[in-house]
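Data block below; observations after.
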Amino acid sequence: MNQIAQGKYRPYPKIDLPNRKWPDNTITKAPKWCSVDLRDGNQALVNPMDMNKKLELFTLLVKLGFKEIEVGFPSASKVEFDFLRRLVDDKLIPDDVTIQVLVQAREHLIAKTFESLQGVKKATVHIYNSTSTAQRKIVFAMSQEEIIALALEGVDLVKKYEKLHDGQIFLEYSPESFTGTELEYAAKICNAVTERWGISPTRKVIINLPATVEMATPNIYADQIEWMSNHLNNRENVLISTHTHNDRGTSVAATELALLAGADRVEGTLLSNGERTGNVDIITLALNMTSQGVDS
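In the working numbering, the protein residues as written are 429 to 724.
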């Protein structure tokens, strides 16, 4: 077995970060928490939740104190669309809660997403596209510049439909499979996105850096987060978000080290319910912080 592994697998490359600061840092405050139970969590279930179960979980998340909740992928199915409309029409979204919706960078999907958001006072529109070396070459057969063009097209579409929306719209962008993407390229595409959005103190952008598949040890992820924090333009107007999965069993550690490295926000689920081996467990993260005297 070892001989097979030695011939088949290569170690994850080290990050060139000679003056890394995160090992000397301490978590002194809780990040912004965003629950993705209704999206990542729901799609991991053998039998996805029906309307009543979704409503029950949304109510629980609000009761637990979440101020950011990803409610689904409304352009993907009628069930997802109808659930968001139920939240809006029945006025179930508290004024201090920002809902989040996921959508691919395609016009008909973004148009449908904004249709589902009619009447919402504030929402985060979360767009994404795959940026990893393998997906660019094998899945899409597209160049780096072509992938950037896709991301910018998505930003332009969100801006187009934002103008027709009465409420406040925030932008979140994820370079999907970030951990399989060259850091220089990840920074390039993220900076292109924030510039196209018109980033400013009043138009901050969430840059979500997902471990779509957990590929290395937590210290590597921390290095990646600190490197990105050092290379994102207008850093003071960017919220760096983490979205870790538990493929190697270290999503909690990776997230904690990412917070030391400068992350501002965490996406996760309750009890680690999520795709494959699960998303990071927000409960464990919060209890870990509480045990260190941090109000989580």
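Glycine included, each C-beta is placed from N, C-alpha and C at the ideal position.
- Going by alpha carbons, who is nearest to V680 out of Q528, T712, A691? Of Q528, T712, A691, the residue nearest in Cα terms is T712.
- Item | Counterpart residues of I528 in DSSP-defined beta bridges | The amino acid occupying residue 528 in the given sequence is Gln; Ile does not appear at that position. According to DSSP, Q528 bridges with E498, T552.
- Message: At the 7 Å Cβ level, is H593 part of the contact set with chain D, yes or no?
- Response: Although the question refers to chain D, the structure presented lacks it and comprises just one protein chain.
- Unbroken alpha helix (DSSP H) runs of length 4 or more, entirely within the stretch 670 to 720: which are they? Taken in chain order, the complete alpha helix (DSSP H) segments of 4 residues or longer contained in the stretch 670 to 720 are 679 to 688, 710 to 718.
- Three or more beta-carbon pairs under 8 Å between the stretch 637 to 645 and the stretch 587 to 596, yes or no? Per the Cβ contact rule, the stretch 637 to 645 is not in contact with the stretch 587 to 596 (fewer than 3 Cβ pairs under 8 Å).
- Message: Can you check which of these residues, Q434, K632, G582, is closest to E535 by C-alpha distance?
- Response: Comparing Cα positions, the closest option is G582.
- Can you tell me where the beta strand (DSSP E) with N636 in it begins and where it stops? Start and end: 633 to 639.
- Measure the C-alpha to C-alpha separation of A615 and D651 and round it to an integer number of angstroms. If you draw a straight line from the Cα of A615 to the Cα of D651, it is about 14 Å long.
- Query: Would you report the Cα separation of G626 and K449, rounded to the nearest angstrom?
  - Reply: Computed Cα separation, rounded: 30 Å.
- Message: Applying the 10 Å Cβ sphere with the 16-neighbour rule, what's the burial state of I566?
- Response: So I566 counts as exposed.
- Grab me the residues of S558's own chain with a C-beta within less than 6 Å of its C-beta, minus the 5 sequence neighbours each way, in chain order. The beta carbon of S558 lies closer than 6 Å to those of E604, S605 in the same chain, with the five residues before and after it left out.
- Simplified DSSP state of V482, which is helix, strand or coil: A small correction: the amino acid at residue 482 is Lys; Val does not occupy that position in the sequence shown. Three-state result, K482: helix.
- Count the CB pairs spanning the stretch 659 to 672 and the stretch 469 to 478 that are closer than 8 Å, and state whether there are at least three. Contact between the stretch 659 to 672 and the stretch 469 to 478 is absent: fewer than 3 CB-CB pairs across the two stretches fall below 8 Å.
- Query: With C-beta atoms as the reference, is V464 less than 7 Å away from V516?
  - Reply: No, the pair does not count as a contact, with Cβ atoms beyond the cut-off.
- Starting from Q596, follow its DSSP beta bridges and name the residues at the other end. Per DSSP, K550.
- Proximity below 7 Å, CB of V531 to CB of I555: Taking 7 Å as the Cβ cut-off, V531 and I555 qualify as a contacting pair.
- Do A682 and I653 have their C-beta atoms closer together than 7 Å? No, the pair does not count as a contact, with Cβ atoms beyond the cut-off.
- Query: Can you list, in chain order, the residues of its chain whose CB lies under 7 Å from that of I648, leaving out five sequence neighbours each side?
  - Reply: Y440, I443.
- P476 - partner residues in DSSP beta bridges: Here P476 is not bridged, per DSSP, to any residue.
- Message: Suppose contacts are defined by Cβ-Cβ distances below 7 Å. Is T630 in contact with F598 by that definition?
- Response: No; because the gap between Cβ atoms is not below 7 Å, this pair is not in contact.
- Message: For G702, tell me which candidate among A458, V722, L473, P446 has the shortest Cα-Cα distance.
- Response: Taking only the C-alpha atoms, the option nearest G702 is L473.
- Message: Quick check: N662 and T705, are their CB atoms within less than 7 Å of each other?
- Response: Contact flag unset, no.
- Query: Below 7 Å between beta carbons: does that hold for G690 and S724?
  - Reply: The answer is no: Cβ separation not under 7 Å.
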